[in-house]
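Working notes, beginning with the structure itself.
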Amino acid sequence: MEPLSLRRPRPRQRGFTLIELLVALVIAGIALSMVAINGLPGAQRGLRFEAERLAQLLSLAREEAQVRGQPLRLQADESGYRFLVLRERRWQPLADDTDLRARAWDQPTSLSVQRPDGRAEVEFGRDSVDVPFTLRLARDDASVLISANGLGYFEVRP
1 MEPLSLRRPR PRQRGFTLIE LLVALVIAGI ALSMVAINGL PGAQRGLRFE AERLAQLLSL
61 AREEAQVRGQ PLRLQADESG YRFLVLRERR WQPLADDTDL RARAWDQPTS LSVQRPDGRA
121 EVEFGRDSVD VPFTLRLARD DASVLISANG LGYFEVRP
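Residue numbers for the sequence shown follow the UniProt record's numbering, beginning at 1 and rising by one.
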């Protein structure tokens, strides 16, 4: 008979693998982001969404005014907003642009404009420099600001 070689069993490693740790971190990150998003009150969350969309559309309207060589203006009331174009010395609804079409707020919303020159319009011209302004969107007890620096940067803040 041959002698049996005695093998020592390898000690079993304890702990987590790198992959297990990364998966746990990803799951925790997703859960944390969901809590942060859902942590905003309902009115504030909806208003913030509207403000983000309007800021993107304002940026697009600014570029469109430069490309067309025609001024564009934002017109808003409590039910919604639309963009107007200056044609034949009259402000007319912008009907030939699906991105800048008239839109309704998801709830009644007031919009106020603050500009250094005191005017109450948001207007973009052919120039690459516009007058800076701040828009305040408000509904219920929530409000959000959209700030424009006049050079094409739009920032949404609470």
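All residues carry an ideal CB built from backbone N, CA and C; glycine is no exception.
Nearest to residue i by alpha carbon, out of the options?
i           : options          : result
residue 50  : 149, 148, 139    : 139
residue 150 : 143, 117, 32, 14 : 117
residue 62  : 46, 14, 88, 123  : 123
residue 94  : 106, 73, 31      : 73
residue 87  : 14, 32, 68       : 68
Could you name the residues of the same chain whose beta carbon sits closer than 7 Å to that of residue i, not counting the 5 residues immediately before and after it, in chain order?
i           : result
residue 66  : 126, 128
residue 104 : 79, 80
residue 44  : 142
residue 92  : 84, 85
residue 152 : 59, 62
residue 158 : 144
Starting from residue i and walking both ways along the alpha helix (DSSP H), at which residues does that stretch end?
i          : result
residue 59 : 42-68
Just to confirm the assignment, what range does the beta strand (DSSP E) spanning residue i have?
i           : result
residue 133 : 133-139
residue 93  : 90-93
residue 122 : 122-124
residue 119 : Taken as a continuous stretch (DSSP letters only), residue 119 belongs to no beta strand (DSSP E), as it is neither H nor E.
Looking at the strands, I want to know which residues DSSP matches up with residue i.
i           : result
residue 154 : 148
residue 110 : 138
residue 143 : 138
residue 103 : 81
residue 72  : 85, 124
For residue i and residue j, which I take to be in contact (beta-carbon distance under 8 Å), what is that distance rounded to the nearest angstrom?
i           : j           : result
residue 75  : residue 85  : Their Cβ separation, rounded to whole angstroms, is 11 Å, which puts residue 75 and residue 85 out of contact at 8 Å.
residue 97  : residue 64  : 7 Å
residue 47  : residue 137 : 6 Å
residue 100 : residue 54  : At roughly 11 Å, the Cβ-Cβ gap does not stay under 8 Å, so residue 100 and residue 54 are not in contact.
Apart from the five residues on each side of it in sequence, which residues of its chain come closer than 6 Å, Cβ to Cβ, to residue i?
i           : result
residue 59  : 154
residue 108 : 78
residue 147 : 134, 155
residue 119 : none
residue 102 : 82
residue 112 : 136
residue 114 : 134
Please confirm if residue i has its CB atom under 7 Å from at least one CB of chain B.
i           : result
residue 110 : Protein chains in the displayed structure number just one, and chain B is not present.
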